[in-house]
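Residue numbers (my numbering), protein chains in the order written: chain V, 2 to 356; chain H, 9 to 216; chain U, 260 to 1165.
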Amino acid sequence: MTSISSASPAFTGKDPNNRLFGPLPDVQGDAGYEAGHPERVGFFTDTSVCIGCKACEVACKEWNTLPMDDSHGTRDTMGLSGMSYDNTGQLGANSWRHVAFIEQVRTVDLPMPTFGRPGDDRQGSGPSPAVSGDAGSQAHMQASVLNAEALSEFDPQTGQSGTDKQVRWLMSSDVCKHCTHAGCLDVCPTGALFRTEFGTVVVQGDICNGCGYCVPACPYGVIDRREDDGRVFKCTMCYDRLTDGLMPACATACPTQSIQFGDLDELQARADARLATLQSQGVETARLYGRDEDDGVGGNGAFFLLLDEPEVYGLPPDPIVTTRDLPAMWKAAGKAALMIVGVAASAVLGSRRPR
Amino acid sequence: MPRHLEQPDRARGGSIDGVKTWLDAWPVFRQLTGSDPLGRGKAARSRATEAVVSRTATADRVAKSVCPFCAVGCAQKVYVEDGRITQIEGDPDSPVNRGRLCPKGSASKQLVTSPSRVTKVRYRRPYGTEWEDLELDTAMEMIADRVLEARRKGWQDEDGPPDNRHRVNRTMGIASLGGATLDNEENYLMKKLYSALGAIQIENQARI
Amino acid sequence: MPGLGASFGRGGATNFLEDLANSDCIVIEGSNMAECHPVGFQWVMEAKARGAKIVHIDPRFTRTSAVADLHVPLRIGTDIAFLGGLIRYVLDNDLYFRDYVVAYTNAAALVGEEFVDTEELDGLFSGFDAETNHYDEASWQYEPEEPPHSGSDDPAGAAEQDSSEQHPDVKDADRAQAAGSGGPPIPAKPKRDDTLQHPRTVFQILKRHFARYTPEMVAEVCGIEPEVFEQVARWVTENSNRERTTAWVYSVGWTQHSVGAQYIRTASILQTLLGNIGRPGGGIMALRGHASIQGSTDVPTLFNLLPGYLPMPHAMQHQTLDEYVADAAGKAGFWGNKRAYTVSLLKAWFGDAAQPENDFRFDWIPKINGDHSSYRTITDMIQGKVSGYFLVGENPTVGHPNGRMNRFGLANLDWLVVRDLQMIESATFWQESPEVETGELAPETIGTEVFFMPCASHVEKEGTFTQTQRMLQWREKAVEPPGDARSDLWFYYHLGRILRERLKDSTDPRDQALLHMTWDYPLHGETQDPDAEAVLREINGTGPDGAPLSTYIDMKDDGSTSGGCWIYTGVYADGVNQAARRKPAKEQGAVASEWGWAWPLNRRMLYNRASADPDGKPWSERKKYVYWDEAAGEWTGADVPDFEKTKRPDYVPPDGAKAQDALAGNDPFVMQGDGKAWLYAPAGLVDGPLPTHYEPVESVVENAFYKQQASPTVERIEGPWNRENPSRSEIFPFQVTTYRLTEHHTAGGMSRTLPYLSELQPEFFVEVSPELAALRGLTHGDFATLVSARTAIEAKVLVTERIRPIKLRDGQVVHQIGMPYHWSYSGLSTGDSANDLLGIVLDANTHIQEDKVSTADIVPGRRPRGQELLEFVEDYRRRAGVASGRVGVNGRAPVEASSGHTETGS
């Protein structure tokens, strides 16, 4: 596969004929579903209310009868990862939801006897704790759990553990983004990956031949092969449950509604309102991720409210669908190929079409 | 890579019973004749996909239950099909949990269908080094024998220092410790039976 | 929960989970609610979304802290100092809810002249007997009204009982917990000074008692800055008034201390002063840990209780029914009907055999005469005094402190019955426990016969759980249990049936209770499972016509009614299983009264009469809940009134009134003998009428308040298998606290066996601060060994800033180690057992162990194996000046005589 960075000179992102890039108001219509198809659905994961309980991980596994986790698809020899309370590590063939835990700390430089009062700052009712950004105090920090960049943007709203240090513990449940332009789907040579009538992207296990082309095509590293099976697996947004009018298992279980399921446009409106609320409360680091339809994947069916930079959560800051430039690249080759198939098809069609 | 350049054999499946059926099932055909020219949606739907059904929809019945882990008391719906439990999830009607469950509650199906559950009586004889099999009825009779013997051994009509004895009418030979997943009805029968036997060292996780 | 019982009259959460959404401020203290009750926590998040302040007070920064507005990292075991500081802040700044306090509490009551406070006795109250470590509560009493009001039909009998009440054997029998539903009896109504100015009013005593709990003192003891304390104080007081309410949430982070009941008392005093009890969004939310912990105390399998918080009869006090009910006879409040509740219970159990002429067979109930609680019984087992033991869904060798001692107990039984879903460690102790590894136990030497009886899961039987807010919910049976698995109802019914058959011809008096008890329940199906609904009907009780009772008010003391648990009467009201009601929440009001059934009488919020002012009007429109409707002549509102429906707010009891009739129309605490919430507890607690800060038994810090270091009444169990780390020992220099994780369940039998949960927290670990890691050379991800006077265990190390050392004002640095306790050697996710590290010392009120705080040492690397482990720990004991912990075969007798400590259980 060719990988093209956002700096690629081929990139314009403005080609109105490029159906593999840019905003797409009706993904299901684009995928051949007639008007009157269901609304596009999605997940809005609001990490500001996530309590890291991992109900989503378990509910997903129970419903989809997934094997025990490990990133290579075989039974894990279990062990502590050392990454805070995260022992799942990442999304994979057997983990379609994954809760990341990020511990952050910053030293607060305060003249005694005053001290920082969290929650006060935004009300202006107390001295705002100053951030000690010098190299000396940074050296005291634990490299393993810290992200220096995150610290510079540190937001005190979620609490602290004392006078000299502020601790923040971010939790976020990751999932397949069900992209508007899904690289996995676009590269799948077998038709195993398809766009559902709900606008989600699903692997069809009876079609997948395990070629694995989709794995590097995903800009988020979500889709994954199960080693002992050979085929690829990822979140289906509980396609089967949707057909019974139920919510996906993870959103059904989520105790604090950190994971919200619904019609995508409604979720987007809800997310915008939530972001405005947080920002009005002074949580300036809050942001939406995957909400923007002008981003590199045409916006996500599953998008997030984050309290820090995406990298902090292990998310790519600027994902680009890997097939964005395919139309240009395949212009000539594709034409020729289409012609061949077209000829073959019309031969067959001609023999059966009665009219 | 454009998908329409490759068409694997397995896409046809094993059920070809006529050209039309075969053609309808052939994504390229649907792709070229339908509204999904890139073959990424409607035209790509497989037989299995068309047959997808949620197992909540096919359940024979749904039992109303309550999560056995913590004390929040989350209501659960237990889906049963062919006498087997196929799904346990939160009951959205509940005012307490509103259909939500934590990871433990969400693992309830695994709890009750766990292959490592012990489903046969096991017996370890005094000074034995291994478990042995035992019939349930035999075990009940053996336990009854031992209860009567322990009750007799530990029986006290009176207790206290020699100068201040009081009637107690009890046995100190039998003790019991229950978990907090016992139903009220079970606790009630336990307390009633133990009291009638004179056993008083009856405790519960509630102490902890 | 005697802390709540002694304060308000009932030992249950005062409010319900959904009501937390109505709070303006929620303080979570002694609970890690987001991790341990995640689904209940949605109501906290709901309140937060509506603008409520969320404060988490906890030594550790947890998943609850992560979403709170403020985390207060106080030093482990200092909650009374913190809460006492808040009480002082409220009193000194006149921030209490005066109208509420004067009308609804005992603030105006006068205490007798004999009472002497801890302030004067350096940490002891008057009445302490250093020989027995018990208090005589006589000097704590109210000054009675003049002339002395005799509330008893039998003054002489009552007086005699009041004195025997102070006998150590009676105190050990845990009378306090019998206050779980019905405040402890008081001999007489007190003299009052409604101006609160008399120096012996409860109000003034309170002021003096907490005078030294200044912000500076709180800061010094708790290890936090005074400004943090003041921030909490401001948020709490600004959100506690006519218009606003604050809720307090606690769990086992409070109960599992040597002064656990007093932790709860402190919060009760504070919440009462702030006027937050009985009002929406207020209250004290006791979060119980397990599916039916509340049910297991309501319908108790506890040594000291009969159903409905009736005490087990005590040999020294209760030889007859008259003696048994003497303390309540003629008393005010609903406890005054104790005789009717007791007779109805005896009728439910013994049916036609219980008649007035034979005292309703009260003599068939066995008598207690001391502490027969679980830990005491383990000691008796080690000493060979107990033959047989039933473990019914409990795994004490992992879930209880001092696993080693527990295993020695099991190894000295004649027989053990274990009923569980999985092969738990308590069933395999003889085969593969840590003591088998050290050679202290060997299968060939253990005579315990073990029966493992597989049990039915929650979906394979029907019945009710009572959840944390006193609500009963009926479960339907989904499928049949597999193989030999049976419900516990099946097991006990059929065991009883077999025993009765065996003895059917017996004329021995001791067998008559068994032979004459009612034991005929309909049986269903191939396995002959008893009908749980029939049992629930018996618990509910029936009237003279045989129809189910709808309220316990209808219970009679003449034998014409029956009922197995009076507080549950009404669960079968109108002949309908009310616990099975499942009217969708969306189709009913916010209180959702038609979902399940809550005791008492389906009241969801206790003491809700207090949500209205003394005249019966809501304190404010915003906090309107239950109020007096003059036109209709009754109490009405969102909930079932926790009050007699038609008793007018201006009702004044006539002379000689008894039971509920003796309570006035503005006495909301209907189970208390005086109808008031108790700021000061003249009875009901064995360790003092007011909470006082003591250091934990195993503390590295000196008590800054008093000379008295730890609670004087703490209950100890001595033996080589339960050595205590000396307080402030350099050998055991770090504090340890134990806790649960969201991903596992208690002793792990229901989680370590499940793949999806095991993989989420796959190994035993401890959490330490970077500072402690540096101090001891611990490496993130590597093993460390923790040592106490009990044993040594190993765990993976998680170095995290979420655990922080506390620096006290004198420069002392207190390091705290966090230790989740779910693991042992069986299942998919394994590790050493945290509880093996802990000893057993008990709150004398509850016999609950102090396992939230202990001490230990921690060193890098794995622990020694086999004999070397014993040497390793013995060396620690020697260096710490602790007596030997060596035991003989199966833990029976010490190898060598030890010095300093006595060897026998006391």
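C-beta atoms are modelled at their ideal positions from N, C-alpha and C, and glycine is treated no differently.
Residues that Cys481 (chain U) bridges to, as DSSP identifies them | Its beta-bridge partners do not exist; DSSP assigns none.
Do Ser716 (chain U) and Leu190 (chain H) have their C-beta atoms closer together than 8 Å?
-> no
Counted within 10 angstroms of its Cβ, other Cβ atoms place Ala59 (chain H) as buried (16 or more) or exposed | exposed
Could you tell me whether the Cβ of Thr237 (chain V) comes closer than 8 Å to any Cβ of chain U?
-> False, the Cβ-Cβ gap to chain U never drops below 8 Å.
Given 8 Å as the limit, is there contact between the stretch 854-865 of chain U and the stretch 725-732 of chain U, that is, 3 or more CB pairs closer than that?
-> yes
Beta-carbon neighbours of Leu711 (chain U), restricted to chain H and to distances below 7 Å | Per the sequence shown, residue 711 (chain U) should be read as Phe rather than Leu. Within 7 Å Cβ-Cβ: Val126, Val129, Arg130.
Going along chain U in order, which residues have a C-beta closer than 7 Å to the C-beta of Val106 (chain V)?
-> Glu1060
Neighbourhood of Thr454 (chain U) by C-beta, 7 Å cutoff - its chain only, sequence neighbours within 5 removed | none
Who are the Cβ neighbours of Gly595 (chain U) in its own chain at under 8 Å, not counting the five residues just before and after it?
-> Ala587, Ala588, Gly589, Lys917, Ala918, Gln919, Ala921
Within the same chain, show all residues whose beta-carbon is closer than 6 Å to that of Asp1110 (chain U), passing over the 5 residues directly before and after it, in chain order.
-> Gln515, Pro660, Thr997, Leu1097
Name the DSSP beta bridge partners of Met544 (chain U), please?
-> Beta-bridge pairing by DSSP links Met544 (chain U) to U:Val508.
Given a threshold of 16 other Cβ atoms within 10 Å of its Cβ, counted over all protein chains shown, does Asn212 (chain H) qualify as buried or as exposed?
-> buried
Please report the residue range of the beta strand (DSSP E) in which Val176 (chain V) lies.
-> 166-176
Cβ shell of Gly187 (chain H) (< 6 Å), same chain only, five flanking positions each side left out = Gln213
Measuring CA to CA, which of U:Arg868, U:Gln994, U:Arg459, U:Phe1024 is closest to Asp1041 (chain U)?
-> U:Phe1024
In three-state DSSP terms, what is Met84 (chain V)?
-> strand
Would you check if the distance between the CB atom of Cys284 (chain U) and the CB atom of Lys312 (chain U) is smaller than 8 Å?
-> yes
Under the three-state DSSP convention, the category Tyr648 (chain U) falls into = strand
My understanding is that Pro908 (chain U) touches Asn925 (chain U), with C-beta atoms under 8 Å, so please give their C-beta distance in whole angstroms.
-> Indeed they touch by this definition, with Cβ atoms about 6 Å apart.
State yes or no: is the beta carbon of Glu277 (chain U) nearer than 8 Å to at least one beta carbon in chain H?
-> yes
On the premise that Arg357 (chain U) lies in contact with Arg663 (chain U), defined as a C-beta separation below 8 Å, what is that separation, rounded to the nearest angstrom?
-> 54 Å between Cβ atoms; not a contact.
Give every residue of the same chain whose Cβ lies closer than 6 Å to the Cβ of Glu277 (chain U), excluding the five residues on either side of it in the sequence, and list them in chain order.
-> Trp302
Amino acids of chain V, ordered along the chain, whose beta-carbon sits closer than 9 Å to that of Thr1001 (chain U) = Ile52, Gly53, Cys54, Lys55, Ala56, Tyr86
When burial is assigned at 16 or more other CB atoms within 10 Å of the CB, is Asp767 (chain U) buried or exposed?
-> exposed
Taking Cβ positions only, does Glu193 (chain H) come closer than 8 Å to chain U?
-> yes
Taking only beta-carbon atoms, is Met930 (chain U) less than 8 Å away from chain V?
-> no
Could you tell me the distance, in whole angstroms, from the CA atom of Cys92 (chain H) to the CA atom of Val738 (chain U)?
-> The residue asked about is misnamed: residue 92 (chain H) is Arg in this sequence, not Cys. Roughly 7 Å separates the two Cα atoms.
So, are the CB atoms of His1081 (chain U) and Arg1035 (chain U) less than 8 Å apart?
-> no
For Thr723 (chain U) and Leu197 (chain H), the rounded distance between their alpha carbons = 13 Å
Whole beta strand (DSSP E) elements within the stretch 687-754 of chain U, 3-residue minimum = If one requires a minimum length of 3 residues, the beta strand (DSSP E) runs lying completely within the stretch 687-754 of chain U are 708-713, 722-725, 730-734, in chain order.
If you compare alpha carbons, which of U:Phe275, U:Glu1022, U:Glu694 is closest to Ala1051 (chain U)?
-> U:Glu694
Should Val61 (chain H) be labelled buried (16 or more other beta-carbon atoms within 10 Å of its own) or exposed?
-> Exposed is the call here.
Mind the definition here: the stretch 178-198 of chain V touches the stretch 19-37 of chain V only if three or more C-beta pairs lie below 8 Å; say whether that holds.
-> yes
Do Trp64 (chain V) and Val176 (chain V) have their C-beta atoms within less than 8 Å of each other?
-> no
Please work out which residues of its chain come closer than 6 Å, Cβ to Cβ, to Pro713 (chain U), disregarding the five sequence neighbours upstream and downstream, and give them in chain order.
-> Asp743, Ala744
Which residues DSSP lists as bridging Ala918 (chain U), in chain order | U:Ala591
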